[in-house]
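To convert, note that position 356 of the first sequence is 356 in full-length UniProt numbering; the numbers rise steadily by one, no gaps. Backbone N, C-alpha and C fix where the C-beta goes; we use that ideal spot for every residue, glycine too.
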Amino acid sequence: MSVAIYNTLSRQKEAFQPLVPNQVKMYCCGVTVYDYCHLGHARSYIVWDTVRRYLTWRGYDVRYVQNFTDIDDKILNRARQENSSMKAVAEKYTGAYFEDMARLNILEANEYTYATHTIDGIKRLIHELEQKGYAYPAEGDVYYSVRKFDGYGKLSGRKLDDMRAGESGRTDAIQTQIKRDPFDFALWKSAKPDEPAWDSPWGMGRPGWHIECSAMVRDRLGETIDIHVGGADLQFPHHENEIAQSEAATGQPLATYWMHNGMVNVDGTKMSKSLGNFTTIRGLLDAPDAPNPMAIRMFVMQAQYRMPLDFTEEAIIAATKGWATLNEGLNFGVQYGDQLGWQRSHPDNLPNNQSTPSIPLDKTALSQFQASMDDDFNTPRAVAVLFGLAKELQRQRNLIVHTGQRDTNSAALERQWQTLVQLAQVLGLEAQAISSVASADQIGDPDVETLIAQRTAAKQAKNYAESDRIRANLSAKGITLIDKPGGVTIWHR
RNA sequence: GGCGGCAUGGCCAAGUGGUAAGGCAGAGGAUUGCAAAUCCUUUACCCCCAGUUCGAAUCUGGGUGCCGCCUCCA
C-alpha cells in the first residue's frame with residue numbers, strides 16, 4: 001500500500017511516487033512577514049507539518065523547504081506606518097513566526113529561504129525567461145507574458161478567456177496600461193524613490209511576488225520537486241504563475257504533486273486580514289482563557305485538510321476537551337507504568353519520529369491509523385484511532401484508581417500506551433504534564449490524609465458545608481477525592 | 001459571467017454501492033449527602049426531486065443553499 005495524495009493538478013487522488021525512491025522534496029509557500037500569523041496560517045502550517053511528519057514516519061527521507069517573503073508592498077506599507085524599514089519589519093515578524101510555530105509544535109523546516117537572499121537566482125530566472133521570449137520589459141518593470149505559456153491555467157483549471165480581469169477589484173491602474181495582457185504579471189518592479197531596491201539589468205527595482213518561489217525552489221531543491229504545498233488561496237494566481245515561470249524556463253514540471261489546504265472560516269467566510277475577522281495565534285494563546293496549543297492542533301486535525309474549517313469558540317472548547325482525554329491517555333504510562341511493572345514508563349524518545357519503538361505496537365490500531373493517513377492524510381479518522389486507545393487507557397486508569405485492579409494484562413496496556421504515544425507524535429501531539437498546580441500549592445501526603453480524616457468526620461456529623469469546603473480546597477491543590485461505598489475515601493493527584 | 005468546492009444527528013466531523021466511525025454536548029439509569037470519575041442505555045427520514053441498481057449518504061440528471069478563486073491572501 002502506498003500513500004494516496006489528492007493532487008490539485010489532476011483533481012484526484014494519486015498513488016504517491018517520489019522522483020527518487022524514498023526521498024521527498026517538499027516546498028511550502030510561507031508567509032509574507034508584515035504582521036503576526038493568524039489561525040489561517042496556523043492551520044496551513046499544522047497541516048503541512050503533519051504531512052511531513054507522516055511521510056517521515058512512513059520511512060521517507062523528507063527534505064522540507066519553506067520560504068519567507070520579505071520583499072513586498074505590504075511590508076513597505078507597514079514599515080511606513082511604523083516609521084521603520086522593510087528589513088526591520090520583516091525581521092520582527094519572521095521572529096514572531098518562529099515563536100508562534102514553536103508553540104504549536106510545528107517542526108522547523110530543513111531549510112528556510114528568503115526572497116532577499118535569492119536576488120541573484122531571481123534575476124537569472126527573469127533573464128532566462130526574457131531570452132526565451134516569455135518576459136518583456138516595460139518602463140522599468142518586467143512582465144511575464146501569460147499567453148506565451150501553453151499550460152497557463154492548468155493548475156487552477158481555468159482558461160484565460162473565461163476569466164474576468166480585475167474581478168477581484170485589485171488591479172493596478174498603471175500596470176494595466178503597461179501590460180500587454182491584463183493577466184500578465186510583474187517579474188520585476190522598478191523602485192520608487194526611497195524604496196529598497198536592487199540593481200538589475202532592468203534598472204533599480206525589486207522582484208515581483210511570484211518569481212521568488214520559482215527561484216527559491218530551483219536553488220534549493222532543483223528543477224522538479226515532489227510536493228508543492230500551500231493555501232488554497234494561493235492556487236491562483238500564485239502557484240499558477242510559479243508553474244508558468246519555472247516550467248517555461250526549465251521545460252520540466254515544477255512539482256509532481258500540488259496540495260492545497262482549505263481555509264479557516266469565521267461565520268462562514270474566510271478569515272482574512274482585509275476583512276478584519278482574524279484572530280492571531282498569539283492573541284488566542286495569550287488570552288486569559290487561552291486554549292492549549294495542542295487543542296489548536298486537535299481543532300485543525302479533526303477536519304480533513306482540504307475542507308473549510310469554521311473557527312468558533314465552541315469548536316475550540318470541544319477540541320480542548322478532546323485533547324484533555326488524549327493527554328490523559330498519553331500520561332497513563334508516566335502515572336502508572338512503574339506500578340504496572342513496565343520496563344519503560346516514559347515515552348520512547350522518537351526524534352523526528354524515526355526511531356523504532358522498543359516494543360511491538362498494537363497492530364490493529366497501527367494499521368487503522370496508517371490506512372487513514374495513507375488516504376490523503378485523513379486526520380479525522382486517524383484521530384479517532386487515538387481516541388480508541390486513549391479511552392481504553394482511561395477506562396483502565398479508572399479501574400486502577402477505584403479498585404486497584406485492571407482487567408487487561410500489563411503487557412497489552414503497555415503496548416497500547418506506546419502505540420498511542422507514537423501515533424500522537426506522528427500527528428505532532430505532544431503529551432503535557434497533567435498537574436497544573438503550582439509548586440507553591442503542593443501538598444504532602446500526610447497533610448492530605450489529615451484533611452481527609454477531617455472531612456470524613458465532618459461528613460459523619462452531616463456538616464456537608466465543611467466537607468465540601470475541604471474537598472474544594474484539596475481539589476485546588478490537584479487532589480481528587482473519590483468517595484467509595486462504606487464511607488471509604490480514596491484519593492489521587 | 002467563468003472555474004472549483006461543499007451540503008451527514010444539538011454542534012463539529014468520517015464514511016464513494018450493501019443499510020451510518022469518532023469528538024463535543026444532551027437525556028435516562030447505576031453509584032453519591034451533593035459531587036467527581038466510571039459503567040450501562042439512549043439521541044440520524046444522510047438538503048430536495050427524479051433516475052440507475054436486488055440494494056445509494058455513496059452513481060447519474062435536475063434543483064436549492066452556502067463557500068472559495070478570477071492578479072492582497074495560508
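Would you list the one or two residues that DSSP bridges to residue i?
i      : result
GLY230 : HIS260
ASP310 : ASN265
GLY205 : SER190 and TRP198
PRO137 : VAL142
THR69  : THR32
ASP23  : According to the sequence provided, residue 23 is Gln. The question's Asp does not apply to it. GLN23 pairs with VAL20 and ASP61.
PHE185 : TYR144
ALA461 : For ALA461, which the question treats as bridged, DSSP gives no partner whatsoever.
Helix, strand or coil: which one does DSSP assign to residue i?
i           : result
ILE482      : strand
ARG158      : coil
ASN277      : coil
ASP100      : helix
ASN331      : coil
ILE225      : strand
ALA15       : strand
ARG164      : coil
VAL300      : helix
THR113      : strand
MET294      : helix
ARG469      : helix
LYS270      : strand
residue 565 : With the chain covering only 1 through 493, there is no way to say anything about residue 565.
PHE236      : helix
ALA453      : helix
ALA411      : helix
ALA318      : helix
In whole angstroms, what is the alpha-carbon distance linking residue i and residue j?
i      : j      : result
PHE332 : GLN66  : 36 Å
GLN339 : ARG493 : 15 Å
VAL426 : ALA135 : 44 Å
LEU285 : GLN177 : 46 Å
LEU350 : GLN81  : Low local confidence applies: a pLDDT of 42 at LEU350 is under 50, so the model's placement there is unreliable, and no value is given.
MET307 : ILE482 : 43 Å
LYS192 : THR94  : 25 Å
ALA287 : LEU39  : 14 Å
LYS25  : LEU221 : 7 Å
ARG206 : ASN77  : 15 Å
LYS459 : ASP100 : 49 Å
ARG381 : ASN110 : 29 Å
ASN352 : ALA249 : For ASN352, the predicted model reports a pLDDT of 40, less than 50, meaning its position is unreliable; a value from the coordinates is still stated below. Approximately 36 Å between the Cα atoms of the pair.
ARG443 : LEU234 : In the sequence as presented, Arg is not what sits at residue 443; that position holds Ile. The straight-line gap from Cα to Cα measures roughly 54 Å.
LEU423 : LEU366 : 8 Å
GLY486 : ALA411 : 33 Å
ARG164 : GLU242 : 21 Å
Just reading off the beta strand (DSSP E) that residue i is part of, what are its end residues?
i      : result
TRP491 : 488-492
ARG52  : Counting along the chain, ARG52 falls outside any beta strand (DSSP E), though it belongs to the alpha helix (DSSP H) covering 39-57.
ASN7   : 4-7
If I follow the unbroken alpha helix (DSSP H) through residue i, where does it start and stop?
i           : result
ILE211      : 211-221
ARG381      : 379-403
residue 515 : Limits of the chain in this structure are 1 at one end and 493 at the other, which puts residue 515 out of reach.
MET373      : 363-374
GLN245      : 240-250
GLN175      : 173-178
GLN131      : 119-131
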